[in-house]
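Below: the structure, in C-alpha cells.
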Amino acid sequence: MSGKTTGRLSAFASFASFASFASIWPLAFGALRRNRMRSLLTSLGVIIGVGALIVTVASGEGSKAVLEAQLATLGTNLLIVLPGSSTLGGARGGPGTGKPLTHADLLAILKGASAARYAAPVDRTVVQVVLDNQNWLTTVYGSTPDFFAIREWSMARGRVFNSGESDSGAKVCVVGQTVASQLFGGGEALGQIVRVKSMPCEIVGVLAGKGQSSQGQDQDDLVVMPWVTYKSRMMSQDRIHVGSILVSATSPDEVGHAQTQVTGILRQQHRLADGQLDDFTVRNLADLAATQEKAADAQTGMLRNVSAVSLLVGGIGIMNIMLVSVTERTREIGIRLAIGASENKVLLQFLIEAVSLSAAGGLIGIALGVAGSAILASVMRWPLVLTPFWILIAFGISMGIGVVFGFYPARKAARLNPIDALRFE
Amino acid sequence: MGPEEPVIRLTGITKTYLAGEVEVHALVDVNLTIARAEMVAIMGPSGSGKSTLMNVLGCLDRPTSGSYRFEGREVASLEKQELSALRLSAFGFVFQGFQLIARTSALDNVELPLVYAEIPAQERRERAMVALARVGLGGRELHTPAQLSGGQQQRVAIARALVNRPRLILADEPTGALDTRTSVEVLGLLQTLHATGITVVLVTHEPDIAAYASRRLVVRDGRILSDEVQVPHDAAADLLAMPQKAA
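Just so you know, the sequences run in chain order G and V. Residue numbering for the first sequence follows our numbering, beginning at 1 and increasing consecutively. Residue numbering for the second sequence follows our numbering, beginning at 1001 and increasing consecutively.
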C-alpha cells in the first residue's frame, strides 16, 4: 500500500520534473516538425479564434474611443433646450414651428436652476464672411461667453469676448480653425477685421480645433459673436426670441436634476397648466451618449462571444487531429513504450505537442490580430487600442485549450498496450 | 545477488488470455532458468506461445501466475511504472519489423532510450555514435529508415537495443524480414554482443537461425517441449564462406 503510494508520488514527481520536460520537448517538437503542414492546419482554428478575438476587442475599443472623443467635443453635462413644434391639421412641424424660446426663458433658467452652472442662448445663420478679396461661407453663432464654457472650447490664440462686450453688442467675434485657415491661410487672424453680413467685426480669438462631430460635421467651421450683436446686426432688431438654449449641469450626476429644474422653470415661464404638454424639448446628451455606448458595447460583446466560440471550435479541432495522430502513430507509441518510456513521458510528449500547437496558434493569432486591428484602425480612422488584458486572456485561453483538449488524446496514447501497439498496422 | 544467481528464473509461469469467451492458455507452468551470458534460441511454430514467453521475459506483459525473478528480483508483480524503468535500464529489444521511428535519423532513433533515461544531450550523442559505429553504420547517422536497407535498419535497431548498456537483449524474429546473408550478418552482431557478456534471447521459428545460439528451447502449446545445449554456428565464419553479394 505504502509502496504503491510512494510509486505514484514519485511518478508524479518525475512527470512534473524539469529534467523530464527538458528531455521530452525535443521529441514533441520533432514530431510536429515531421508533420509541418498538419501542425499548421491544426493550429489554424486557434489562430483564427485568437485573431478574431483580438480584432473584435480592438475594433470595439477603437470605435468606442471615437465615440467618446466625439461626445467629449460636445461638452459634458450638456442639455439642449429646443423650442416646441406646432401641430397644424395633425402634422407636427418640428422644433421652431411652435412657441419660440425667449431671452426671458434664458434669464429664468440662469436665475432659477441651481443644478445648472451655465446657460447660453444660441442663434445661428449661414452667411458669407468677407476679408478683402477672400470670402468663406460659414455658420455665424450669436451667444454669450458661457457658450465656450459649456462646449468646453479652449482658445488657440487670443481670447473669448467678455461679458461687457457681450452685453453691449460689441463688434467682436471669435473664429474657428477652419474659418481662420480659409480666410487667412497661414497668416495671423487675431486683430483682423472681417465683414460679416456687411458688419465689420474684429477677431479677438481663434478657437482650438475640435474636428468632426459624430454626424461628420466640421465643428471648426464657425464664427461666434455676442448674442446681442448677432440679434441686432444679423436679425431685424429682435432681442426677444432665442433659437435654442444650451445648459450645462454642475456635474455629470446633476444632469438629470438640471433637466427637471429647467423643465419646471420653462413650464412656469410658458404658463403651462398641469396636464398640458411641454411646448419645448430638453434634450440630455449624456443619456444619448450612454445609449450609444451601451449599444456599441453590446455589439462588441456579442462579437467577442462569437470569437470565443470559434476559439473553442479551434480547440476541438486540435483534439480531433491529436486523436487521429495517436491512432496513426500507434506503432511509434508502442516502440517508445517498449523501449522503456514511462506512460507519463508519453503523456507529456503528446500534451506538449497539443499545447505547442495551441500556444503557437495563439501567438500567430495575436500577431495577425494586432496586424488586422492596425489595418482596420487605419481604414476606419479610429485609434488602435490594444488591450493587454484581452491579449493575455486570448493567449491564456489558447494554452488552456491545448491542455484541456490535448489531455484526452495524450492519455489515450500513454495507456496503449505496447504489445498491441507494436503489432498495429 | 550471488554469483550463481541466474539472470532469468521463471517458476510455474502461466499466461491465460480471454479471446472472446474462450480461455487461451498461452503459457502453461513454464519453468526456465537462463544464466548470465547465455545465448538462447526459443523456437516454436506460430501460436506455440513463444511470443508470449518473449513478452513476459521482456516485461512487456505480466504473467497470470507464477514467479519471474530477473537478476534475483521478483518482477512478475511490479507496477507498470517500475516495469518501464526496468525495460529502460536492463533490456534491449530487437523486433521483427525493425520498429524504427519513421522520418527520424538513425542517430535520433538510437538516442531514444537515452532520452527517456534523461541522459544529458552531449553524452547521449556520443553514446549513440559509438553504438552505431559498433554495428557498422558509422557515417550513416543522419540517414532516415527509408534511406537504409532492411539489414541496415535492423542494425540501427540493434544499436538502439545496446545503447543503454542492457544486461539482456531480447530479439523477436530479428531476421524475419531479411535475406540469408543479411540474416547471418545480424546474427553475427548478436553473437558479438553475446561475446561481451550480454545475455541474448532469440525468438525464431527457423532452425537455421536457432543454430547460432548456444542453447535451444522448443515451445509448443504453451509448454517447453525440449531444452538442449548445442554448439553454435559461427556467423563470422559462415559469412566468409558465403558468396559475396552482387553489387
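We treat Cβ as the ideally placed atom computed from N, Cα and C, and that holds for glycine.
| Query | Result |
| --- | --- |
| 7 Å Cβ shell around residue 1239 of chain V - same chain, five flanking residues per side excluded | 1184, 1185 and 1188 |
| Proximity test, Cβ basis, 9 Å: residue 1247 of chain V and chain G | Only weak support exists for where residue 1247 of chain V lies, its pLDDT of 43 falling under 50; the value from the coordinates is given anyway. With 9 Å as the cut-off, residue 1247 of chain V does not count as an interface residue toward chain G. |
| Exposure of residue 208 of chain G, with buried meaning 16 or more beta-carbon neighbours within 10 Å | exposed |
| Rounded Cβ spacing between residue 409 of chain G and residue 326 of chain G (contact assumed at less than 8 Å) | 5 Å |
| Where the segment 334 to 348 of chain G meets chain V: residues whose CB sits under 9 Å from a CB there | 334, 335, 336, 337, 338, 339, 340, 341, 342, 343, 344 and 345 |
| DSSP-derived helix/strand/coil call for residue 143 of chain G | strand |
| Alpha helix (DSSP H) runs contained entirely in the segment 25 to 76 of chain G, provided each spans 4 or more residues | 36 to 74 |
| Residue interval of the beta strand (DSSP E) (run including residue 79 of chain G) | 78 to 83 |
| Neighbour-count burial assignment, residue 1055 of chain V, 16 or more Cβ in a 10 Å radius | buried |
| For residue 253 of chain G, the three-state DSSP class (helix, strand or coil) | helix |
| Residue 1012 of chain V (DSSP reduced to helix, strand or coil) | strand |
| Chain-ordered neighbours of residue 1145 of chain V on chain G, where CB pairs are closer than 9 Å | By Cβ distance, chain G contributes nothing, its closest Cβ being about 12 Å from residue 1145 of chain V, past 9 Å. |
| From G:30, G:62, G:250 and G:309, residue whose alpha carbon lies closest to that of residue 379 of chain G | G:62 |
| Cross-strand partners of residue 1226 of chain V (DSSP beta bridge) | V:1218 |
| Interface positions of the segment 287 to 321 of chain G facing chain V (Cβ-Cβ less than 8 Å), listed along the chain | none |
| Residues of its chain near residue 243 of chain G, where Cβ-Cβ distance is below 7 Å and the 5 sequence neighbours each way are ignored | 122, 123 and 124 |
| Straight-line Cα distance separating residue 1228 of chain V from residue 1047 of chain V | 21 Å |
| Cross-chain neighbours of residue 332 of chain G in chain V, by beta carbon under 8 Å | 1101 and 1102 |
| CA-to-CA distance, residue 142 of chain G to residue 118 of chain G, given in whole angstroms | 16 Å |
| DSSP state of residue 320 of chain G mapped onto helix, strand, coil | helix |
| Residue-level contact to chain G via CB, residue 1031 of chain V, 9 Å cutoff | no |
| Limits of the unbroken alpha helix (DSSP H) element including residue 1054 of chain V | 1050 to 1057 |
| Simplified DSSP state of residue 266 of chain G, which is helix, strand or coil | helix |
| Residue 102 of chain G in three-state terms, based on DSSP | strand |
| Cβ shell of residue 1232 of chain V (< 8 Å), same chain only, five flanking positions each side left out | 1039, 1191, 1211, 1212, 1213 and 1214 |
| Contained beta strand (DSSP E) runs [length at least 3] in the segment 1108 to 1183 of chain V, N- to C-terminal order | 1168 to 1172 |
| Minimum length 3: unbroken beta strand (DSSP E) runs contained in the segment 104 to 132 of chain G | 116 to 131 |
| Endpoints, the alpha helix (DSSP H) within which residue 335 of chain G is located | 330 to 338 |
| Same chain, Cβ closer than 7 Å to residue 1149 of chain V, neighbours up to 5 away in sequence not counted | none |
| Within 7 Å of chain V by C-beta, residues of the segment 398 to 425 of chain G in sequence order | 418, 419 and 422 |
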